[in-house]
Each structure stands twice: as C-alpha cells, then as structure tokens.
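**Q**
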Amino acid sequence: MPELPDVEGFKRTLAEHATGHQIERVAVRDPGVLRGVSARQLTSRLRGHRFAEPRRQGKWVIAGTDGPAVLMHFGMTGSLRWTDGHAPAERFERLTFVTDGGELHYDDMRKLTGISLASNDEEARRLLRSLGPDALTVQPGEFADLMHGRRAALKTVLMDQHVVAGLGNLLTDEILWRACINPRRAASSLTAHEVRRLYARMRWVLRTSIQAGDVPAKRSWLTGVRYEPAPRCPRCRTPLCHARIGGRTSVWCPRCQGE
DNA sequence: TCAGTTGTTTATAT
DNA sequence: AATATAAACAACTG
Numbered sequence: 376m377p378e379l380p381d382v383e384g385f386k387r388t389l390a391e392h393a394t395g396h397q398i399e400r401v402a403v404r405d406p407g408v409l410r411g412v413s414a415r416q417l418t419s420r421l422r423g424h425r426f427a428e429p430r431r432q433g434k435w436v437i438a439g440t441d442g443p444a445v446l447m448h449f450g451m452t453g454s455l456r457w458t459d460g461h462a463p464a465e466r467f468e469r470l471t472f473v474t475d476g477g478e479l480h481y482d483d484m485r486k487l488t489g490i491s492l493a494s495n496d497e498e499a500r501r502l503l504r505s506l507g508p509d510a511l512t513v514q515p516g517e518f519a520d521l522m523h524g525r526r527a528a529l530k531t532v533l534m535d536q537h538v539v540a541g542l543g544n545l546l547t548d549e550i551l552w553r554a555c556i557n558p559r560r561a562a563s564s565l566t567a568h569e570v571r572r573l574y575a576r577m578r579w580v581l582r583t584s585i586q587a588g589d590v591p592a593k594r595s596w597l598t599g600v601r602y603e604p605a606p607r608c609p610r611c612r613t614p615l616c617h618a619r620i621g622g623r624t625s626v627w628c629p630r631c632q633g634e
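What the first sequence shows, in my numbering, is residues 376 to 634, in sequence order.
1. Does the distance from the C-beta atom of Pro-377 to that of Gly-439 stay below 9 Å?
2. Using DSSP with H/G/I as helix, E/B as strand and the rest coil, what is Tyr-481?
3. Quick one: which unbroken alpha helix (DSSP H) runs of 4-plus residues sit fully inside the stretch 557-628? Chain order, please.
4. Tell me, which residues are paired with Ser-454 by DSSP?
5. Taking the Cβ atom as the reference point for each residue, do Arg-571 and Pro-515 lie within a distance shorter than 9 Å?
6. Could you tell me which residues DSSP pairs with Gly-396 in its beta bridges?
7. Could you tell me whether the Cβ atoms of Gly-453 and Asp-496 are closer together than 9 Å?
8. May I ask you to report which of helix, strand or coil DSSP gives Gly-512?
9. Whose C-alpha, out of Arg-578, Cys-555, Trp-579, Asp-381, is nearest the C-alpha of Cys-608?
10. Let me know the secondary structure DSSP gives Gln-632 once reduced to three states.
11. Rounded to whole angstroms, what's the CA-CA distance from Gln-632 to Ser-563? Just pull it up for me.
12. Here's a check: name, in chain order, each residue in its chain whose Cβ is nearer than 8 Å to the Cβ of Asp-657, leaving out the five neighbours to either side.
13. Which one of Leu-545, Lys-486, Glu-465 has the shortest CA to CA distance from Glu-478?
14. Out of His-448, Arg-456, Ala-528, which one is the CA nearest neighbour of Leu-492?
15. Pick from Leu-470, Gly-442, Leu-417, Asp-441: whose alpha carbon is nearest that of Leu-455?
16. With DSSP as the reference, label Glu-378 as helix, strand or coil.
17. Assuming Glu-383 and Arg-430 make a contact with CB atoms under 8 Å, what is their CB distance in whole Å?
18. Can you grab the Cα-Cα spacing for the pair Glu-671 / Arg-612, in whole Å?
19. Can you give the Cα-Cα distance for Val-580 and Ala-390, rounded to whole angstroms?
20. Would you check if the distance between the CB atom of Glu-498 and the CB atom of Ala-540 is smaller than 9 Å?
21. State the Cα-Cα distance for the pair Trp-552 and Pro-604, rounded to the nearest angstrom.
22. Per DSSP, Thr-471 forms a beta bridge with which residues?
23. Taking Asp-475 as the reference, give the member of Leu-506, Val-538, Ala-393, Asp-535 with the closest Cα.
24. Give the DSSP bridge partners of Gly-439, in chain order.
25. Taking Ser-505 as the reference, give the member of Thr-458, Val-532, Gln-536 with the closest Cα.
26. Using 9 Å as the threshold, is the C-beta distance between Arg-425 and His-461 below it?
27. DSSP on Leu-506, reduced to helix/strand/coil?
28. For Thr-388, which residues from the same chain have a beta carbon less than 6 Å from its beta carbon, with the 5 sequence-adjacent residues on both sides left out?
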C-alpha cells in the first residue's frame with residue numbers, strides 16, 4: 376500500500392542494506408514489471424555494479440549504482456524487501472537483485488507500474504523531470520505559488536504528481552481533513568492563511584507517517600475510519616461525506632470542511 | 001458475478 | 001497550458 380511514507384521506507388531498506396553491495400545478477404521472475412528494458416539487458420547492464428545511496432522523488436525510488444540507475448515505482452501494491460541470504464520467492468515476487476551481501480526483492484501483486492533503467496543519474500533525472508517538487512521538501516513559498524496558479528479542485532491538484540510529487544488518495548484526504556479545507560475548493564481560491572495551514576498540516580502528516588512507516592490507520596486519523604460502513608469524523612463525530620473527485624473516492628467531514 | 005481498489009500513462013475533448 | 005474524463009494496465013477482496 377505504498378504512499379510516500381511507505382516509499383520512504385523502501386528507500387531506507389535500500390540505504391541500510393543494499394548500499395555498497397555488488398549486484399551479481401538480477402532474477403526476473405515476471406518480465407511484466409519491466410518498463411522499457413528487457414530482462415537480459417537489465418542483468419547484463421547491472422551485473423558487477425554496486426548500489427549507491429538511493430534517492431526518492433515523490434513515489435519513485437532511484438536506486439543508483441556506480442553504473443546505471445534503477446527506477447522503481449510501486450503502484451498500488453508494490454513493496455521492497457531485503458533478505459540477508461537467499462530466500463524462497465514470495466507469491467508476488469516479480470524480480471530479485473542478488474548481491475554479494477543479500478537479496479533485494481521487488482514484490483507487486485498488480486504490476487500497475489514497474490521498474491526501468493537509466494544509464495546514469497542524469498538520465499534518471501531526465502526521465503522524472505516532469506514530476507513536481509517532492510511534497511516533503513517543497514518550500515512554503517513555492518507551494519503557495521503552485522496552489523495559486525491552479526483553478527482545479529484542490530484534491531485533484533494535490534494528487535497531480537506534476538504539481539507536487541508524492542501525495543496519493545489517502546494522504547490527500549488526510550491532509551485536507553486536518554487542514555479543514557473542502558477537497559472541491561478551487562486551489563486558487565485559498566487564502567494565504569489557508570495555504571499556510573495546508574502546508575503545515577501536510578508537513579505534519581508526512582513526518583508523522585514516515586516515522587510510522589505508513590499512513591497510520593488509527594481511529595484518530597481519517598485514514599483509520601474511512602473504510603468503516605458508516606464512518607464518522609474522528610474530531611466531531613459527524614457522518615463523513617464521500618464522492619468521486621478527480622476520479623478517486625474521496626472522504627471528508629461536512630462540518631469541519633464544509634459540504 | 002460484480003463492484004471496488006492506496007497509481008500512472010495515454011488518449012480525447014474542452 | 002490547463003482542465004476533465006475515461007480507459008488500460010492486473011489481480012485480488014468482499
């Protein structure tokens with residue numbers, strides 16, 4: 376269930392375990408996750424190279440090496456696991472990087488996105504150049520400018536990876552609920568005060584979620600109640616509204632955030 | 001059997 | 001350029 380906090384965790388897995396280790400081979404169990412590269416190419420171009428410090432931009436992990444860089448996306452169901460030695464394949468394991476120190480396993484049930492290869496970090500940046508600034512590191516002034524220039528519904532704008540990278544459906548609803556702003560408001564209609572509040576709540580939700588390793592499903596969070604049959608606002612107990620906004624199911628509190 | 005799903009890309013129209 | 005919408009991708013859950 377990868378949202379930005381989960382992806383940050385995958386990056387950490389790479390950083391803590393894989394960095395410095397040499398890739399001996401890549402075992403492609405399901406080429407359906409490869410994007411723009413064949414299984415043979417992936418192995419031959421990566422073999423012998425060592426993982427460097429990984430980066431994250433939005434929901435992408437860039438696993439650099441002293442040669443090519445691996446671009447990973449996790450769609451709705453992907454994840455990354457490290458095992459110190461060889462481990463039998465999990466049910467949805469699609470690809471394994473076998474290194475001299477252990478194995479990095481890419482699991483993904485649905486295969487909605489996948490893995491691609493860039494010749495170097497420069498090409499990796501070029502491939503991801505259409506992404507907006509990362510939601511965790513975007514500066515308040517830049518964030519305000521981005522919101523100001525968009526007339527579409529706030530929910531749609533926040534989820535648009537070309538505007539700000541990293542916010543998915545659950546995170547966006549959680550942030551808007553905490554900022555007490557209606558998801559259908561035009562982004563450009565926010566007052567300066569509202570933009571500052573939105574920014575502050577976004578930072579808080581992201582930092583708290585990253586610490587937890589995912590968006591917490593606690594009862595005090597919108598995320599923790601949104602799948603209940605008749606969910607109520609964790610703050611004021613008002614029954615929550617739900618509708619499709621920007622093509623995704625959205626949940627909000629009509630009392631805290633307006634109808 | 002059918003609807004729904006935590007995401008991205010592409011096409012299409014406005 | 002923005003904006004809005006739908007479809008496709010794939011495989012599971014309720």
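Even for Gly, the Cβ is constructed at its ideal location relative to N, Cα and C. On a predicted model such as this, the values are computed, not experimentally measured, just so you know.
**A** Taking the coordinates as given:
1. Using a Cβ distance threshold of 9 Å, Pro-377 and Gly-439 do not count as a contacting pair.
2. Three-state DSSP puts Tyr-481 in a strand.
3. The qualifying runs are 567-587, 597-600.
4. Paired residue(s): Asp-482.
5. Cβ atoms of Arg-571 and Pro-515: closer than 9 Å.
6. Here residue 396 is His; the residue named in the question, Gly, does not match the sequence. Its beta-bridge partners do not exist; DSSP assigns none.
7. No. Outside cutoff.
8. Sequence check: residue 512 is Thr here, not Gly. Coil at Thr-512, not helix or strand.
9. The shortest Cα separation from Cys-608 among Arg-578, Cys-555, Trp-579, Asp-381 belongs to Cys-555.
10. Helix at Gln-632.
11. So the two alpha carbons sit approximately 17 Å from each other.
12. The chain is shown from 376 up to 634; residue 657 falls before or after that span and cannot be answered.
13. Comparing Cα positions, the closest option is Glu-465.
14. Just measuring C-alpha positions, the residue of His-448, Arg-456, Ala-528 sitting nearest Leu-492 is His-448.
15. When Leu-470, Gly-442, Leu-417, Asp-441 are compared, the shortest CA-CA separation from Leu-455 is found for Leu-470.
16. Glu-378 carries a coil assignment under DSSP once its states are collapsed to helix, strand and coil.
17. In this structure, Glu-383 and Arg-430 do not form a Cβ contact; the two beta carbons are roughly 11 Å apart against a cut-off of 8 Å.
18. The displayed coordinates of the chain run from 376 to 634. Any statement about residue 671 would go beyond what the structure contains.
19. Spanning the two alpha carbons is a distance of roughly 23 Å.
20. 9 Å or more divides the Cβ of Glu-498 from the Cβ of Ala-540.
21. If you take the alpha carbons of Trp-552 and Pro-604, they lie about 19 Å apart.
22. Bridge partners of Thr-471: Ala-402, His-480.
23. Distances from the alpha-carbon of Asp-475 to those of Leu-506, Val-538, Ala-393, Asp-535 put Ala-393 closest.
24. Paired residues: Ala-444.
25. The closest CA to that of Ser-505, considering only Thr-458, Val-532, Gln-536, is found on Gln-536.
26. Cβ distance not < 9 Å, so Arg-425 and His-461 don't count as in contact.
27. Assignment of Leu-506 by DSSP, reduced to helix, strand and coil, places it in the coil class.
28. Take Thr-388, set aside five residues on each side of it, and the residues of its chain with a beta-carbon closer than 6 Å to its own are Leu-455, Trp-457, in chain order.
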